[in-house]
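**Student:** This is the structure, below, for whatever I ask next.
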Amino acid sequence: MPDYNSKIHYSRQNDQLNLDIDGTLIEGHAQGTVKEGKIHIKGKQSDFEIESNYRYEDGKVLIEPVKSENGKLEGVLSRKVPSHLTLETPRVKMNMQYDRHAPVKMFKLDYDGIHFEKHTDIQYEPGVRYTIVGNGKLKDDGSHYSIDVQGKPRKAFKLDADMMNFKLKVDKPEDSNKAQFSYTFNDYTETEEYEFDPHRAYYVNWLSSIRKYIQTFIVEDH
């Protein structure tokens, strides 16, 4: 579970497996074989407990749907078909979805806990485009972040990142041979631009531009 001080321990011996999760809000345990077993999840700071079974068939791990007065657990996990995992407790709500075989591959995570919430949405259409959109918030102090990445493999890249008082923008349009880096801290903005060498590989140009940009932040003592 994505939470403060979470610990995950997994072990397997022959066809026997064990999985233990120890988080701030919940503790979980899965035990059985690679074909079937039991799942037990219990709340640490709330009156919550849920049990389910899992089984493996046709390349899928099926988690038996269980719904109680204050909780829910269900899921299908596979590399071959669209997958999802849902867990709801009085203090934690999580929903994960992914599909590796659709024309547009996707991964999505929505998490809402007592300390923070986060949302991530990733899409990838091989050879055509990719997007990474995410945001989150720490509930203890209200700080937040957001990130938006849009790109075309080996052609274009755009990043907008917002972390409270600090913002970073990176832009390399498809019809341009220049990459622009711009950051804003409070009310101060600074922009740098680097030209791509047409005789060098696309990613080599990016590594060179990033290295040069990082060097602008390095101040040497003389």
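Residue numbering for the sequence shown follows this note's numbering, starting at -2 and increasing by one per position. Every residue, glycine too, gets a C-beta built ideally from N, C-alpha and C. For clarity, every value in this text was computed on a predicted model and none was experimentally measured.
Let me know the secondary structure DSSP gives Lys155 once reduced to three states.
**Tutor:** What you label residue 155 is simply residue 158 of the sequence shown in a count that begins at 1. Lys155: strand per DSSP, three-state reduction.
**Student:** Cα-Cα, which of Leu84, Asp96 and Ile60 is closest to Arg76?
**Tutor:** Against the sequence shown, residue 76 aligns to sequence position 79. The shortest C-alpha separation from Arg76 is found at Asp96.
**Student:** Indicate the three-state DSSP secondary structure (helix, strand or coil) for Lys220 in the structure shown.
**Tutor:** With the chain running from -2 to 219 in the structure shown, residue 220 is simply not present.
**Student:** For the segment 73 to 129, list the beta strand (DSSP E) runs that are entirely contained and at least 3 residues long, ordered along the chain.
**Tutor:** Segments of the beta strand (DSSP E) lying fully in the segment 73 to 129: 80 to 85, 90 to 96, 102 to 109 and 113 to 122.
**Student:** Is it the case that the Cβ atoms of Gly34 and Tyr51 are separated by a distance below 8 Å?
**Tutor:** Here the question's residue 34 lines up with position 37 in the sequence shown. Here the question's residue 51 lines up with position 54 in the sequence shown. Yes, these two residues count as a Cβ contact at 8 Å.
**Student:** Are the beta-carbon atoms of Tyr180 and Lys169 separated by less than 8 Å?
**Tutor:** Translated into the one-based positions of the sequence shown, residue 180 becomes position 183. Translated into the one-based positions of the sequence shown, residue 169 becomes position 172. Not a contact, by the Cβ cut-off of 8 Å.
**Student:** Along the chain, where does the alpha helix (DSSP H) that runs through Asn202 open and close?
**Tutor:** For the purposes of this step, residue 202 is taken as the residue at position 205 of the sequence shown. Tyr199 to Gln212 is the extent of the alpha helix (DSSP H) around Asn202.
**Student:** Residues in its own chain within less than 8 Å of Leu22 by CB, not counting five upstream and five downstream?
**Tutor:** Numbered from its first residue, the sequence shown carries residue 22 at position 25. Result list for Leu22: Met(-2), Asp0, Gly40, Lys41, Gln42, Ser43, Thr86, Arg88, Val89, Gly110 and Ile111, in chain order.
**Student:** Hey, could you find the ends of the beta strand (DSSP E) Pro62 is sitting in?
**Tutor:** Indexing the sequence shown from 1 puts residue 62 at position 65. It spans Lys57 to Ser65 - the beta strand (DSSP E) in which Pro62 sits, taken as one unbroken run.
**Student:** Nearest by alpha-carbon distance to Ile60: which of Asp159, Glu54, Lys69 and Ser49 is it?
**Tutor:** The residue given as residue 60 occupies position 63 in the sequence shown. Comparing Cα positions, the closest option is Ser49.
**Student:** Given this structure, state the Cα-to-Cα distance separating Phe104 from Lys155, to the nearest angstrom.
**Tutor:** Walking along the sequence shown from the start, residue 104 turns up at place 107. Walking along the sequence shown from the start, residue 155 turns up at place 158. So the alpha carbons of these two residues sit roughly 20 Å apart.
**Student:** Can you list, in chain order, the residues of its chain whose CB lies under 6 Å from that of Arg126, leaving out five sequence neighbours each side?
**Tutor:** Stepping through the sequence shown from its first residue, residue 126 is reached at position 129. Hits under 6 Å: Lys149.
**Student:** Given a cut-off of 8 Å on the beta-carbon distance, is the pair Gly68 and Ile47 in contact?
**Tutor:** Here the question's residue 68 lines up with position 71 in the sequence shown. Here the question's residue 47 lines up with position 50 in the sequence shown. A contact, by the Cβ cut-off of 8 Å.
**Student:** Keeping to the same chain, check which residues put their C-beta closer than 6 Å to that of Phe193; ignore five residues upstream and five downstream.
**Tutor:** As a first step, residue 193 is located in the sequence shown; it is residue number 196 there, counting from the start. Correct list, in chain order: Asn174 and Asn202.
**Student:** Would you check if the distance between the CB atom of Lys102 and the CB atom of Val78 is smaller than 8 Å?
**Tutor:** The count along the sequence shown starts at 1 and reaches residue 102 at position 105. The count along the sequence shown starts at 1 and reaches residue 78 at position 81. Against a cut-off of 8 Å, the Cβ pair of Val78 and Lys102 comes out as no contact.
**Student:** If I measure Cβ to Cβ from Met161 and keep anything under 8 Å in the same chain, skipping five residues before and after, which residues do I get?
**Tutor:** On the sequence shown, position 164 is the one that residue 161 refers to. Cβ neighbours of Met161 beyond the five flanking positions: Ser140, His141 and Tyr142.
**Student:** Note down the Cα distance separating Glu66 from Gly131, rounded to an integer number of angstroms.
**Tutor:** For the purposes of this step, residue 66 is taken as residue 69 along the sequence shown, with counting starting at 1. For the purposes of this step, residue 131 is taken as residue 134 along the sequence shown, with counting starting at 1. So the alpha carbons of these two residues sit roughly 31 Å apart.
**Student:** Taking its Cβ as the centre, do 16 or more other Cβ atoms sit within 10 Å of Ser206, making it buried, or is it exposed?
**Tutor:** Position 209 of the sequence shown, counting from 1, holds the residue named residue 206. Result: buried.
**Student:** For Asp55, which option in Val63, Val31 and Phe113 has the closest C-alpha, if you only look at C-alpha atoms?
**Tutor:** Position 58 of the sequence shown, counted from the start, is the residue given in the question as residue 55. When each option's Cα is compared against that of Asp55, the closest is Val31.
**Student:** If you draw a straight line from the C-alpha of Ile269 to the C-alpha of Gln94, how long is it?
**Tutor:** With the chain represented from -2 up to 219, any question about residue 269 goes unanswered, as that position is not in the structure.
**Student:** Quick one: Cα of Asp118 to Cα of Leu106, how far?
**Tutor:** For the purposes of this step, residue 118 is taken as the residue at position 121 of the sequence shown. For the purposes of this step, residue 106 is taken as the residue at position 109 of the sequence shown. Distance between the alpha carbons of Asp118 and Leu106: 7 Å.
**Student:** Strictly by DSSP, which residues pair up with Gly139?
**Tutor:** For this step, residue 139 is matched to residue 142 along the sequence shown. Gly139 is not bridged to any residue.
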